[in-house]
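Step one of this worksheet: look at the structure below.
2 protein chains.
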Amino acid sequence: MSNRSLNGPREDPAPANEPVTIGLVARAANVSRATVSRVMNGNTKVAPHLADRVRQAAQELGYEPSPVARSLALGRTGIVAMLVPDLGNPMFQGILHRLTEAAGDQNYRLLVADSNENLQEEPLLAIEARRRCDGLVLCAPRMPDEQLRELAPRLSPFVLINRELPESPAPTLTIDFSAGIRDILTHLLGLGHRRLAYLAGPDTSASNHARLETLRTSAGKEFDLVELPCGAAFADGHSVADQLVDIDVTAVIAYNDLVAFGVLSRLHELGISVPAQMSVVGFDDIEFVRYTTPPLTTVSVPLDQLGPQAWSRLWALMREVTVEPDVRFRPRLEVRGSTGPAPRD
Amino acid sequence: MSNRSLNGPREDPAPANEPVTIGLVARAANVSRATVSRVMNGNTKVAPHLADRVRQAAQELGYEPSPVARSLALGRTGIVAMLVPDLGNPMFQGILHRLTEAAGDQNYRLLVADSNENLQEEPLLAIEARRRCDGLVLCAPRMPDEQLRELAPRLSPFVLINRELPESPAPTLTIDFSAGIRDILTHLLGLGHRRLAYLAGPDTSASNHARLETLRTSAGKEFDLVELPCGAAFADGHSVADQLVDIDVTAVIAYNDLVAFGVLSRLHELGISVPAQMSVVGFDDIEFVRYTTPPLTTVSVPLDQLGPQAWSRLWALMREVTVEPDVRFRPRLEVRGSTGPAPRD
DNA sequence: TTGTAGGCGTTATCAC
DNA sequence: GTGATAACGCCTACAA
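Chains as they are written, first to last, in UniProt numbering: chain V, 1 to 345; chain L, 1 to 345.
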C-alpha cells in the first residue's frame, strides 16, 4: 500500500491550505484581483511598486493563473486537437511531432485523439475533441464524404488532412497518390517489369482507392496487374509475401512502407533476392525505410510538411485572417535498392 | 483568397446567432437551467415529460455542454497530459497509443507535450501541461534528480516513467536496463565474443548511464569493451558503423534499436555480413525490428504495458484510492538473426 | 421533483 | 492607474 496520498505533517499552520487563487494573491498584495490580473498578463500599465508587490506575493504563494478559468473567461483554450485513425501508424509520428512543435511555437498545446479505426465512434470523438479546444486537425480517411460534410459545421475551425473532400469547407492538405503511383509505374516499366502485384490497403481507405484506381486504369496495355488484399501493417506484408511467389510477378507495389517492409522481410526469409528476383516498392517514405536491406524504393510523401502546414492554416482560421491555399503534395519517387531490372527468365 | 470565413446568407432569421448555452435550452424547454443540467448529466431524477422536453430542445438547438465550463465548475478537466522528451522517437509511439487507449476507456483525453530534448524548457512545460489537466505522465529521463524532486509537488498527481528517482514521491515505472545488458552479455559471451563495442546514447540519458555502468563493471575479465559515442537515432548508428571495422570487435551493442538498425544498414552497405562477421544487438524491441534483415536480436522492453500501467496508477491517484506498487520491468532477451557465433578469425 | 442563487477562477468594462 | 462588478457556462447545495 502506498502512503503517497497521505498528507505529511502540515507545514503551513495558518492558512489551512487555501487554494491559491487570484483572490488570495490580491489580498496578500493588498490590491484588487483586477490588478493582479493586469500584472500577470502584462498588458495594461500598473504602478511599479504595486506590480512588484503583486509579483512578490504571487511568487511566495506559488500562484499561477488557472488555465481553465482563463479559457472560460477568454473564450479560448490555447489547445488544438488532432484526430488520427491509428496512433500506432508511424506515419503519424512525424505529423504529430511537427504539429506539436509548430503549435508550441505559438504557445498552443496539442490534444490527441485516436479513433483506433473505429468508424462508429469517430464522429463523436471528433466533436468532443473539437469542443475541448480552439481548433482541430482532422485525419479521417475512412469517413464517408457525406458524414464529414454534415459534421463540418460543428468542427470548424478545422483543417482536413490526407483525404479529399470535394468542395471542402475546410482547408485541405492532400497527397497526390495517383501521381505517386504513376511515378512508380514509369519506374517499374522502365526496368522491364510487365507483371505487377499491388498489395491493397484497407478497402475503406480513400488513399487505397486512389492508388487502386490509377493502377487499374493504367493496367492492361503495358502490364498486367494482380491485386492482393493485404492491409496496412508490417505483419500484413509479412504474411502476404508467400502468395507472391505463386503468382509469377516480378515486382510488388505495397500499399505503404510498413507493408513493403514486411514483404522485404518475408522474401528474405524465403530466400528470394530483392531486387534480383523481385522488386519491391513502398509508399510514404517513413523515416527508417532508407535503412532497410536493401533500402526501400518508395514514394516520398513530405510528411514533415504536413504538420506545419496544417498548423499555419489552422492558426490563420482561428485568427480569422486569410488562409493559405490548399495544397496537394506531389510525392517524389525515391529510387533506392529494392527495385531493379526485371529478371530475364 | 479563401472565402471560407465569410458568413453565408443568414439562415436563422430570429435569434441572431445566439450561442447555444444551457440557458438557451432552458428557455426553449421552459425549465430552469438546473433542470437542463440534471437531464444532461442524468444523475438526479427529473420528471419524464420535462426530461423529454429538455432533450428535444437540446437536440433541436444542437446543444452540448461546454467542457471548459464544466471543467471549471467540477474542478476536473477529464484530460491527462503526457510529457515526452522527443515525440520523434518511435519508442513513444506505442506508449502514447496505449495510454490514449487506456485513458479513453475512462473517457479521459490525452494532451501531449514534447520537450524536444530541451532541458531548459522542460520544467515549465511540465508544470504548464499539468495545470491544464488532472494528471500527468512524466517521461523526463534527462532531468536532474534534484530538479525533479522540487518540481514534484507542482506536478502531482503524476506518474514517472522510464527513469529512476530514489524515494520518488510518485508511482514509478522503470525498466531494468542493467538486467537487459546482463542478458545481452551472457548471450554474446556464450557465442564466443570477447571484444565488444557499445554505441553510447546521449550522455544526459539516465538509461544510457545504467547500461554503461553495467557494461563497465562487467568488462575486463571475460571481455574487452570499446565505447563509441553515438546517439539515439538511425542516422547516428548508420554513421558510426564505419568506425566498427577499425576497432576489431566481433559484436556491437547499440544504445537502442534505432541505432542498431542504422548499424545494420551501414554494415550491409560495407559488405560486412551480419552475423557471420559481426553480431549486432539492439535495445527496446520496437515493433519493426523483427522485420529487419537479419531480424534484430534485442532486448524486449514491454512498451505496450507502460501506457496502461501508467494510466491505472494515475487513475488511482486521481481518485485517491490505493495505487498499485511500482514496477520495474524485466526486459526479455529476444534472440533473432543478428547475432551468431564469433568469427573464428 | 423543480427552481433560486451562489460559486468555480479569470478577464474585461466600467466608473472613480 | 485602480477597484468594483459583471460576464464566461456550468454545477449543486439549498429552499420551495
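Idealized CB from N, CA, C, for every residue including glycine.
Annotation for W311/L: L99, A102 and A103 place their beta carbon closer than 7 Å to its own, counting only its chain and skipping 5 residues before and after.
T250/V is the residue among T250/V, A200/V and V281/V whose C-alpha sits nearest the C-alpha of I272/V. Residue contact check for Y291/V against chain L: a CB pair falls below 7 Å. A distance below 6 Å between beta-carbons, with the five flanking residues on each side excluded, links A29/L to the following residues of its chain, in chain order: R53, V54 and A57.
Contact between F261/L and V301/L fails: their C-beta atoms lie close to 16 Å from each other, not under 8 Å. Nearest C-alpha to L225/V among A26/V, E18/V, D242/V and L196/V: L196/V. Per the coordinates, the alpha-carbon of R182/L lies some 20 Å from the alpha-carbon of P229/L. Taking 7 Å as the cut-off, the Cβ atoms of P157/V and L317/V count as close. Close partners of D114/L in chain V (Cβ separation under 8 Å): H97, T100, E101 and G104.
Taken through DSSP and simplified to helix, strand or coil, E213/V comes out as helix. For T77/L, the chain V residues whose C-beta falls within less than 8 Å of its own C-beta are V68, listed in chain order. DSSP, read as helix, strand or coil, puts F158/V in strand. When rounded, the separation of the alpha-carbon atoms in Y255/V and S279/L is 32 Å. H49/L sits exposed, since fewer than 16 C-beta atoms from the chains shown fall within 10 Å of its C-beta.
For F234/V, the three-state secondary structure derived from DSSP is helix. Under the 10 Å beta carbon count, T217/V is surrounded by fewer than 16 other beta carbons and is classified as exposed. Per DSSP, the continuous beta strand (DSSP E) segment holding E227/L begins and ends at D224 to P229. Annotated as distal: S178/V and T204/V, with beta-carbon spacing of 7 Å or more. The stretch 73–87 of chain L makes contact with the stretch 132–141 of chain L, as at least three CB pairs between them are under 8 Å. About 15 Å separates the beta carbons of H97/V and L111/L, which is beyond the 8 Å limit, so they are not a contact pair. Interface with chain V (7 Å Cβ-Cβ cutoff): Q93/L is included. Chain order gives the chain L residues near E287/V as F234, where near means a beta carbon separation below 7 Å. Along the stretch 268–288 of chain L, going in chain order, the ones with a CB nearer than 8 Å to a CB of chain V are H268, E287 and F288.
Closer than 7 Å to the CB of F261/V there is at least one CB belonging to chain L. Three or more beta-carbon pairs separated by less than 8 Å link the stretch 118–131 of chain L to the stretch 148–157 of chain L, which places the two stretches in contact.
Only those residues of the stretch 38–60 of chain L whose C-beta falls short of 8 Å from the nearest C-beta of chain V would be listed, and there are none.
Interface annotation, G88/V: in contact with chain L, CB-CB separation under 7 Å. Closer than 7 Å to the CB of S265/L there is at least one CB belonging to chain V. Contact residues of the stretch 315–336 of chain V toward chain L are L317, E320, T322, V323 and P325 (C-beta to C-beta distance below 8 Å). A distance below 7 Å between beta-carbons, with the five flanking residues on each side excluded, links E227/L to the following residues of its chain, in chain order: Y198 and A200. When the alpha-carbon of R27/L is set against those of Y63/L, N41/L and T44/L, the nearest one is in Y63/L. Non-local beta-carbon contacts of L119/L in its own chain, meaning distances under 8 Å to residues more than five positions away in sequence, involve R142, M143 and T204 in chain order. With fewer than 16 neighbouring CB atoms inside 10 Å of its own CB, I247/L falls in the exposed class.
Under DSSP, no beta-bridge partner is assigned to M278/L.
When the five nearest sequence neighbours on each side are left out, the beta carbons in the same chain lying within less than 6 Å of the beta carbon of A233/L are those of L258, in order along the chain. If you draw a straight line from the Cα of T174/V to the Cα of T322/V, it comes to about 19 Å.
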